[in-house]
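Asks:
Chains as they are written, first to last, in our numbering: chain A, 17 to 208; chain B, 17 to 208; chain C, 17 to 208.
#1: Determine, using beta carbons only, whether residue 63 of chain C comes closer than 8 Å to chain A.
#2: Specify the secondary structure class of residue 103 of chain C as computed by DSSP and reduced to three states.
#3: Check the Cβ-Cβ distances between residue 59 of chain B and every residue of chain C, and say whether any is below 8 Å.
#4: Mapping the DSSP letters down to three states, classify residue 162 of chain B as helix, strand or coil.
#5: Against chain A, which members of the region 71-105 of chain C pass a CB distance test of less than 8 Å?
#6: In the DSSP assignment, find the unbroken alpha helix (DSSP H) run with residue 204 of chain A in it and report its ends.
#7: Are the C-beta atoms of residue 221 of chain A and some chain B residue less than 8 Å apart?
#8: Is the Cβ-Cβ distance between residue 183 of chain C and residue 135 of chain C less than 8 Å?
#9: Would you grab the beta carbon distance between residue 113 of chain C and residue 154 of chain C for me? Rounded to a whole angstrom, and I think it's under 8 Å.
#10: Taking 6 Å as the limit between beta carbons, can you name the residues of its chain near residue 193 of chain C, skipping five residues before and five after?
#11: Please report how far the alpha carbon of residue 148 of chain B lies from the alpha carbon of residue 197 of chain B, in whole angstroms.
#12: Give the straight-line distance between the Cα atoms of residue 79 of chain C and residue 117 of chain C, rounded to the nearest whole angstrom.
#13: Just to make sure I have the definition right: I need the residues of chain B whose C-beta is within less than 8 Å of the C-beta of residue 67 of chain A. Which are they?
#14: Excluding the five sequence neighbours on either side, which residues of its own chain have a C-beta within less than 7 Å of the C-beta of residue 96 of chain B, listed in chain order?
#15: Helix, strand or coil: which one does DSSP assign to residue 230 of chain C?
#16: As a quick exercise: from A:195, A:189 and A:158, pick the residue whose alpha carbon is nearest that of residue 201 of chain A.
#17: Would the beta-carbon of residue 122 of chain A fall within 8 Å of that of residue 122 of chain B?
#18: Compile a chain-ordered list of the residues in the region 168-180 of chain A whose CB is closer than 8 Å to at least one CB of chain B.
#19: Would DSSP call residue 135 of chain A helix, strand or coil?
#20: Closest by CA to residue 131 of chain A, which one among A:186, A:151, A:161 and A:89?
#21: Exposed or buried, what is residue 127 of chain C when buried is set at 16 or more other beta-carbons lying within 10 Å of its beta-carbon?
#22: Less than 8 Å between the CB atoms is what I'm expecting for residue 110 of chain A and residue 159 of chain A, so what's the real figure, rounded?
#23: Should residue 129 of chain A be labelled buried (16 or more other beta-carbon atoms within 10 Å of its own) or exposed?
#24: Quick one: residues in its chain with C-beta nearer than 6 Å to the C-beta of residue 143 of chain A, no 5 flanking neighbours on either side, listed in chain order?
#25: Buried or exposed, going by whether 16 or more other CB atoms sit within 10 Å of the CB of residue 163 of chain A?
#26: Look up residue 186 of chain B in the DSSP assignment and say whether it is helix, strand or coil.
#27: Can you give the Cα-Cα distance for residue 145 of chain B and residue 195 of chain A, rounded to whole angstroms?
#28: When we look at the beta-carbon of residue 120 of chain B and count the other beta-carbons within 10 Å, is it buried (16 or more) or exposed?
#29: What do you reckon, is the C-beta of residue 83 of chain B under 7 Å from a heavy atom of the ligand FAD?
#30: Using 8 Å as the limit for Cβ to Cβ distance, is residue 151 of chain A near chain C?
#31: Per DSSP, what kind of secondary structure is residue 197 of chain B in: helix, strand or coil?
#32: Does any residue of chain C have a CB that is nearer than 8 Å to the CB of residue 128 of chain B?
#33: In chain C, which residues lie with their C-beta within 8 Å of the C-beta of residue 184 of chain A?
#34: Does chain A have any CB closer than 8 Å to the CB of residue 160 of chain B?
#35: With the cut-off set at 8 Å, would you say residue 141 of chain A and residue 72 of chain A are in Cβ contact?
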């Protein structure tokens, strides 16, 4: 229901508006509950838009905590006492697996959230869970031998690149609609 | 257009709703300032909801920066020039203390914010500050001897688990109210 | 005031207000598109407020990914097979450059976003890009010799301190206006 900008204002009603007034016109001394409600609704809808991202974040933190505990167990098993981190190759592999996962952890969280907010929460969450599965297999594989780390490493790297691609498309689309007034993702959706 | 709180309610118009109309019905050619104000109010209220989380984040970054500087001083003191990170056990302990804190830093930030947004900002901030105190004692203890790192390490690990628990409860509650239409936290509050 | 979905629409008022009613009074059985639109507008305006921060985050993730790939190439070039990380000083320098950048990565992301949201997105993005340039030069310099890492290291440390200062000012200003009712940044702006 768009209005022609040059159209005159609609003619005001002439009689019998008293009761409606009570319904519609807000007493300025009373807090604007409607706005507050709307505010809460907006915030609730934003929590909706990132609750699954938050769930995947918690899962990824639990995975990292699990890796850290495995390093502590490996220290005991292979008699490598802190602060040493070398001397036994079995321990070194477990330690490197955890360190490498930590290095990628911040990158993963960053692109997971940007892909989820600017592109699609559902897709970001699916790829994020696959990444975490890949990381788990990588850790288990690396703990056995350096060769067994390779295929899950490539898999999780691919998942990370997909997240980076989704995040990039989402942000570039947002910047385009914000500064050029053209929303490519919306245009593609309307064609499909 | 602020109103004196003691002022009487404006007399409702008896006939001819022309003046009210100007108040109520938005001319579509004029930008909707009410919505904009509401938008700003929503955003302001969101900044309120995370300002303390942001403060704890800045404190944690300062703590990490302090740890990094201590490693640089330890390099000079124990004559361990880069890129070497081993060879002197006194240096190795300081270095490991910083590395370990860095490994946990992303996990800490992730659960701090999720616990603060989905569960309770106040509680998350309190536990977060205790975690940072534990980390400080851990660093100081580890710099002296490997044994002295243990008790603050266990303490900060406990704080991290509490944050993980708060984050999990908050997110599961959000998912339940979002997909099952049942909000357990609200139900518990109404019983208490 | 929930309405039975099968109930007929309320009878429109008999005189003078019929057309307005259709325009103004929302049928409670129909979703409130106005609030939704306002909600979307609020969310869209929030995406506007962090789209450049998201872009810088993606760039920083790409930089970290580039550093990680360089470590893999250096492993091949200097014949340092995993899980070893020492034994060849040329490799060690590349490895340390990447590790050091990773250590600062979470701190950088944390203060970048807080400075961008609580202080100024434009300034945070500019300083953030300078930080990433400094990090790139640091990596390239460190790969050549330990001495060449120093000046870009100092530069990127300065950029990080500027971000920390901006984040601190923004958050303290927010806390002041939230708890003391006084907004120093707004006061300074009104003087200028």
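Positions of the beta carbon are idealized from the N, C-alpha and C atoms, including for glycine.
What you are looking at is a predicted structure, and each value in this text was computed from that prediction instead of being measured.
Replies: Straight from the coordinates:
#1: Translated into the one-based positions of the third chain, residue 63 of chain C becomes position 47. Yes, its Cβ sits closer than 8 Å to a Cβ of chain A.
#2: What you label residue 103 of chain C is simply residue 87 of the third chain in a count that begins at 1. Three-state result, residue 103 of chain C: coil.
#3: Residue numbering aside, residue 59 of chain B sits at position 43 when the second chain is read from its first letter. Chain C, which has a Cβ nearer than 8 Å to the Cβ of residue 59 of chain B, makes this yes.
#4: Looking up residue 162 of chain B in the second chain gives position 146. Three-state result, residue 162 of chain B: coil.
#5: 71, 73, 74, 76, 77, 78, 80, 81, 84, 97, 98, 99, 100, 101 and 102
#6: One-based indexing of the first chain puts residue 204 of chain A at position 188. That run of the alpha helix (DSSP H) goes 200-207.
#7: Beyond the ends of chain A as shown, which are 17 and 208, falls residue 221 of chain A; an answer cannot be given.
#8: Here the question's residue 183 of chain C lines up with position 167 in the third chain. Here the question's residue 135 of chain C lines up with position 119 in the third chain. Taking 8 Å as the Cβ cut-off, residue 183 of chain C and residue 135 of chain C qualify as a contacting pair.
#9: By 1-based counting over the third chain, the position of residue 113 of chain C is 97. By 1-based counting over the third chain, the position of residue 154 of chain C is 138. Yes, they are in contact, since the Cβ atoms of residue 113 of chain C and residue 154 of chain C sit about 7 Å apart, within 8 Å.
#10: Numbered from 1 along the third chain, position 177 holds the residue referred to as residue 193 of chain C. Taken in chain order, the residues that qualify are 199.
#11: Working through the second chain from its first residue, we reach residue 148 of chain B at position 132. Working through the second chain from its first residue, we reach residue 197 of chain B at position 181. Approximately 37 Å, taken between the alpha carbons.
#12: Counting from one through the third chain, the residue named residue 79 of chain C turns up at place 63. Counting from one through the third chain, the residue named residue 117 of chain C turns up at place 101. Computed Cα separation, rounded: 10 Å.
#13: Along the first chain, one-based indexing puts residue 67 of chain A at 51. Correct list: 134, 187, 190, 191 and 194.
#14: In the second chain, counting from the first residue as 1, residue 96 of chain B sits at position 80. The answer, listed in chain order, is 103, 104 and 107.
#15: In the structure as shown, chain C begins at 17 and stops at 208. Residue 230 of chain C is therefore absent and cannot be evaluated.
#16: Position 185 of the first chain, counted from the start, is the residue given in the question as residue 201 of chain A. It is A:189 whose Cα lies nearest to the Cα of residue 201 of chain A.
#17: Numbered from 1 along the first chain, position 106 holds the residue referred to as residue 122 of chain A. Numbered from 1 along the second chain, position 106 holds the residue referred to as residue 122 of chain B. In contact: residue 122 of chain A and residue 122 of chain B (Cβ atoms closer than 8 Å).
#18: none
#19: Walking along the first chain from the start, residue 135 of chain A turns up at place 119. Coil at residue 135 of chain A, not helix or strand.
#20: Position 115 of the first chain, counted from the first residue, corresponds to residue 131 of chain A. Ranking the options by Cα distance to residue 131 of chain A, first place goes to A:186.
#21: For the purposes of this step, residue 127 of chain C is identified with residue 111 of the third chain, where counting begins at 1. Buried is the call here.
#22: The residue given as residue 110 of chain A occupies position 94 in the first chain. The residue given as residue 159 of chain A occupies position 143 in the first chain. With a Cβ gap of about 5 Å, residue 110 of chain A and residue 159 of chain A count as contacting.
#23: By 1-based counting over the first chain, the position of residue 129 of chain A is 113. That one is buried.
#24: As a position in the first chain, residue 143 of chain A is number 127, starting the count at 1. 175, 178 and 179.
#25: Indexing the first chain from 1 puts residue 163 of chain A at position 147. That one is exposed.
#26: As a first step, residue 186 of chain B is located in the second chain; it is residue number 170 there, counting from the start. Note: residue 186 of chain B maps to helix in three-state DSSP.
#27: Taking the second chain and counting its residues from 1, one reaches residue 145 of chain B at position 129. Taking the first chain and counting its residues from 1, one reaches residue 195 of chain A at position 179. Roughly 40 Å between the two C-alpha positions.
#28: Residue mapping note: residue 120 of chain B aligns to position 104 of the second chain, counting from 1. Classification for residue 120 of chain B: buried.
#29: This structure lacks the ligand FAD; in fact it carries no ligand of any kind.
#30: The residue labelled residue 151 of chain A in the question sits at position 135 within the first chain. No, no contact with chain C.
#31: Taking the second chain and counting its residues from 1, one reaches residue 197 of chain B at position 181. Correct three-state label for residue 197 of chain B: coil.
#32: Here residue 128 of chain B corresponds to residue number 112 of the second chain, with the count starting at 1. Taking Cβ atoms only, chain C never reaches closer than 8 Å to residue 128 of chain B, which makes this a no.
#33: For this step, residue 184 of chain A is matched to residue 168 along the first chain. 74, listed in chain order.
#34: As a working mapping, residue 160 of chain B is identified with position 144 in the second chain. Not one chain A Cβ lies under 8 Å of residue 160 of chain B.
#35: Numbered from 1 along the first chain, position 125 holds the residue referred to as residue 141 of chain A. Numbered from 1 along the first chain, position 56 holds the residue referred to as residue 72 of chain A. Contact flag set, yes.
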